[in-house]
Each structure stands twice: as structure tokens, then as C-alpha cells.
């Protein structure tokens, strides 16, 4: 039986790495967000998938959390010199992945096939499935207009105020490689619920599966003590008029989950979340070291398994 | 009035650089070969145009004669690691040009517009016109079958025996930006007559112009003392059953030129070339230093101008 880990980029990838330290490739499968994917300078870029692959392959830049370690930027510097947009950071090694992916897409391969090839080449033994092989795209309606995800996130550095999030996917299908019948449980990684997990849940069949399945579905809170662990989660929740709290995240996922992991510091929120008919576990969930990641990952799997025995 | 320099890659670019040292951007225009252009990993690559731009911009690698100096190869190494073909050398800085060009072509720009943008960005003040904005492609029929130019030249390192050269260009038009009426003379640079100049001359209107014009057309021999200065010229001439000599090159161009520059060491060939009704000038034509290039360039222009006064 297999654990499905639903994940976005940096935050989710940390827990993902922890999971690979004790589950085998048969016991674990990743479903990755593609709502951030975009075309830039003619290259098809899948930031969350790349972050996940680089993290699991051990080649991610440890400080940035994205892109490759020991990266160089000679191509990007030259692109800027030629007057091309340089706001999106394209490292020289990273570029190879974008070139290979774009070329393969042009030859008719789908994103799953390409992801498989790249992660295998980089030595990642775990299956990584794009949530869909069809395009899904996240747009943000903001104080300065409707922005694509990367325009908002990278070009505008999350500065505009977000009024609404739009998930565009004309009937995108859940990745058909995902065999739901082999799953023993689901972990929603501590990625941004709106920007990273949201686009995936906007695919009806995934939402409906999580809503109706009898296997345990556990989310790990990306909000700790009223602050987001990483990125613009807190800012966006505020702007959307949601309290920045583990409780609000639990409420956001409430139809889909039967287990929720909050940080120890949010122990006070347990009764309120439990009142939503959700089992709650409080555990240290700030992942600084690799050991933190493995511990939280192990705790998450144990929690899933304990719920399946109820 | 303007000198038109018709040029291929490395050999021609040396003379081209010499020309820029005393002619102004109004007095000189380059017509560059695109028969070597190809798509590789989804990128549109124009090797001869790039060599010319890099040479004129002073950023060409001085040892290789192509690509950029102080180049790095991190993207190419990663492409190889991902299992992508790595026989074509894509430097990290060089890649930026391919990405920018490919992206612009996709957006409907033509090769002339893109070439202009790239050479201007790199500080080249001289006009560089692709011989055509339409695709032209050189193929070689060889001992191991029909090969595209880059397959023959780079992948197979010119090793297969050449039986025949094929210039494929479905009615490609001579670059309409080239104003033939402004020309005072033409210099055919010492590029490979078959691989670099041949594809350009296969465009009927260019061939016919050179054949019928009253302005002087001077070729500089790429063969010196029975050897090619650079690349596979000698090998190909042999395989095509042509003597490797300045005389054979003059005979090859005979319908088009009225002036021919041979190296001093080929002074014995002058009478035979003159018997083809071609004026001949013997001059040191091995370009080792920048001074050699400038001297040969100046001599070529003087020779053109002397012929126009006859």
C-alpha cells in the first residue's frame, strides 16, 4: 500500500524529503502542483516539480530552497545583456531541465513522461506525478490587475494585494497514472493552501476523491503560531480576509481531511479543530534540519496509519 | 557606396573583422551564410551569423574561432547528464543567443530582425544580413548517407567521404534588405566555397546578380599552397574530384568574379587564372594576427576599387 503526498514547492518538498528517508519507492508517491508552470522565453518551466526533484536528488540549493546548488548564471546574464527579461532566475544547470522538457513536449511527450525521465536521470527513485498532464494555471486578481502566478510571485515579489485567486484549467484531468486504489492514505504537505495545493484541489476528481474516500487524509499545517513557515501564505490569507491560523487552514481543508497536524505551539487550537470532526495531532512542525523533516514525516505517516485503524 | 562582404563562419569572419578596421558602417555590409542553420533541442541555431557577430564584437573565443571567450558549459554538461545529445557545443553564454533567437522567431520576427537585435546588443555597428530570411539548408551525400551540415561537420567531424553537396531551399529569396544598387563592389571572403559560400550562391538572384553586375566582384582564395587555411575545404575538394588549388577555386567562381586574390606562395598560378579573364593579385593571405587581417582586408578593398576604375 502506498502513501500519496500532495505537494507544492519548497515547503512541501521539505516534508517530501523526510518521507523518502523511511518509505520505499513502492510505499510513496508524490502528486505535484503544476499551477505555477509557465512558458518563459519559449521554455516550458515547472517550478514545483523541479524543486521537488532537486530536493529529493540532493542537488537543491540549500539556502534558496529552489534551483540547483553551485549554480551559475552566465546564460541569464547574457539574456539580460541582450535585452531579454531576466526577472525569472534561470540557472545554467537548471536551464538544461527546461530545454529538455520543452523539447520533449514539442515532440509529443507528456509532462508525466518527461518528469519521469528527468527525475530518473537525477537519481530520484520515487514516482513524481504532475497533478495533471493537461495545463492548469493559477492567476491572481490583485491591486494591480490579473497576474499569472510567476508574475505575482517572482516578478512582483508577492507585493500586490490579492483579492481573489483563479485556477484556470479547462477540464484538466487528474493524472491517469495515479492509481487511487493502491493508496493507504494521503498527506497534504505544508505547502501554501491557496497557491500550491489549491490549484490541485481545483481538479474536481481529486477533490471528490479526497472528499469521499475512506482512507485517511491528513494535512500538515503550513501556519505555525500565526505565521506562515515559508512564503506569502500569511499575507495572502490576510488579504483574502482569513485569519492567519492553523484553525483557518483546517477549516479550509475541512471537507477533505480527517486528520490535521498542528505545531506544538498551536496546541490551544486543537479543541476547535477537533470540533470540525477532524483528528488533531500536535507535533514540532518547523523543519530546520534534515532530522526535523524525517521526524515530522515519520509522525505524519504514523498519524495516517493510526487513523486508518480507527 | 558600400562594399558587400559575402561570408561564412570562421575563415570569412577573420577578413570581416579586418574590413571593420577601416571601413565605416555605411561603407560595409555583410551577407552571411545560413545554410548551416539548424534546430537542435528545440533551439534555432545560426552558427555562421553567431561566429560573425562574436568576432566583430570582440567576444569570440580566440583559440576555437567560434563561440564565446571565457565560456562555461554547465548547461551542456547537465543536458548530457539528462541523456540529451551533447555533440553540439552549447556554451552557457552562447545559449542565451539561441534562446533569444528561437523565442523571437516563434513570435513572428524574421532572422534579419533578430540578427540586428543581437548584433546591436553586442555592440556591432555593422549591418549583418542573413543571406535569406527563408530557410536554406546544406546537406551532404556521404559514404554513410545523407547528412545535415551539422551532423557532418560537428557530429561526424567531417570524417565521412563527401560525394555530393545538396543545397535545399524551396525558392528562398535573397534578403530583401540588401540594396544591390548601393554597392560599389563585392568581396567573397575566404570561406569554404562549397559549404559556406555555395549555399548562398544557390539562391538564383544572388548568383545572377554577381554574374551580371558591372561592379567588381573579388574572391579571396581560401586555398593557399595546395592546402585549405581552415576546416575541411581541402578534403571536400579532393573527395569531389577537384584539385586542391587556388586555380580550382578561381575556376569554381569564374562566372561570378572578375578579381581573385591568391596567396604570395601561389604566384605561379596567376597566369592560368588570368587566362580565365580574371584579374589576379598575389598577397599574403594567411591571417594569423589582427594586423594580417586588416592588411588583407585593406588590400582586398583596394583591389576592388582598382577594378572599378578599369
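Protein chains in written order, with the numbering used here: chain B, 1 to 310; chain W, 1001 to 1310. Glycine residues also receive a C-beta, built at the ideal position from the N, C-alpha and C atoms.
Host alpha helix (DSSP H) of residue i (start-end)
i	result
residue 261(B)	Taken as a continuous stretch (DSSP letters only), residue 261(B) belongs to no alpha helix (DSSP H), being part of the beta strand (DSSP E) at 259-262.
residue 1021(W)	Segment: none, residue 1021(W) is in no alpha helix (DSSP H) and carries neither H nor E.
residue 198(B)	198-201
residue 113(B)	111-121
residue 1288(W)	Neither: residue 1288(W) is in no alpha helix (DSSP H) and is coded neither H nor E.
residue 1075(W)	1074-1081
residue 272(B)	270-274
residue 1103(W)	1092-1106
residue 239(B)	233-239
For residue i, the residue or residues it bridges with in DSSP
i	result
residue 164(B)	141(B)
residue 146(B)	141(B)
residue 1040(W)	1043(W)
residue 251(B)	Answer is none; residue 251(B) lacks a bridge partner.
residue 32(B)	7(B) and 130(B)
residue 1002(W)	1183(W)
residue 1068(W)	1060(W)
residue 228(B)	223(B)
residue 188(B)	6(B) and 219(B)
Through-space distance from residue j to residue i, alpha-carbon basis
i	j	result
residue 157(B)	residue 286(B)	23 angstroms
residue 324(B)	residue 111(B)	Nothing about residue 324(B) can be reported from this structure: the residues present for chain B run from 1 to 310 only.
residue 1257(W)	residue 1219(W)	7 angstroms
residue 1241(W)	residue 1234(W)	11 angstroms
residue 205(B)	residue 1058(W)	58 angstroms
residue 79(B)	residue 303(B)	49 angstroms
residue 1251(W)	residue 1143(W)	26 angstroms
residue 1173(W)	residue 1131(W)	8 angstroms
residue 26(B)	residue 276(B)	33 angstroms
residue 1238(W)	residue 1150(W)	20 angstroms
residue 10(B)	residue 49(B)	10 angstroms
residue 1109(W)	residue 1102(W)	10 angstroms
residue 68(B)	residue 91(B)	8 angstroms
residue 97(B)	residue 1082(W)	8 angstroms
residue 201(B)	residue 31(B)	11 angstroms
residue 1274(W)	residue 1155(W)	40 angstroms
residue 246(B)	residue 169(B)	28 angstroms
residue 1125(W)	residue 1175(W)	19 angstroms
residue 213(B)	residue 191(B)	22 angstroms
residue 51(B)	residue 299(B)	23 angstroms
residue 1046(W)	residue 129(B)	37 angstroms
residue 1053(W)	residue 1119(W)	6 angstroms
residue 1196(W)	residue 88(B)	38 angstroms
residue 1290(W)	residue 1208(W)	34 angstroms
residue 1117(W)	residue 84(B)	11 angstroms
Buried or exposed (CB count within 10 angstroms, at least 16 for buried), residue i
i	result
residue 243(B)	exposed
residue 1074(W)	buried
residue 313(B)	Because chain B here runs from 1 to 310, residue 313(B) falls outside it and cannot be looked at.
residue 12(B)	buried
residue 1093(W)	buried
residue 133(B)	buried
residue 63(B)	exposed
residue 181(B)	exposed
residue 123(B)	exposed
residue 1179(W)	exposed
Where the beta strand (DSSP E) containing residue i begins and where it ends
i	result
residue 215(B)	Per DSSP, residue 215(B) belongs to no beta strand (DSSP E) and is neither H nor E.
residue 130(B)	127-130
residue 1281(W)	1279-1282
Residues near residue i in its chain [Cβ-Cβ closer than 6 angstroms; skip 5 each side]
i	result
residue 1021(W)	1294
residue 1236(W)	1162 and 1194
residue 1001(W)	1184
residue 152(B)	140
residue 284(B)	264
residue 254(B)	276
Own chain residues within Cβ distance below 7 angstroms of residue i, not counting five before or after
i	result
residue 86(B)	76, 79 and 80
residue 1225(W)	1263, 1265 and 1266
residue 1199(W)	1033, 1035, 1136, 1138 and 1167
residue 1105(W)	1044 and 1114
residue 177(B)	112 and 129
residue 1269(W)	1245, 1246, 1247 and 1262
Close-in-space but distant-in-sequence residues of the same chain around residue i (CB under 8 angstroms, 5 per side omitted)
i	result
residue 3(B)	19, 23, 27, 28, 29, 183, 184, 185, 186, 187, 301 and 304
residue 307(B)	185, 216, 218, 258, 259 and 279
residue 1222(W)	1011, 1190, 1191, 1192, 1193, 1228, 1229, 1230, 1233 and 1249
residue 99(B)	43
residue 71(B)	61, 91, 92, 93 and 94
residue 203(B)	131, 132, 136, 169, 172, 173 and 174
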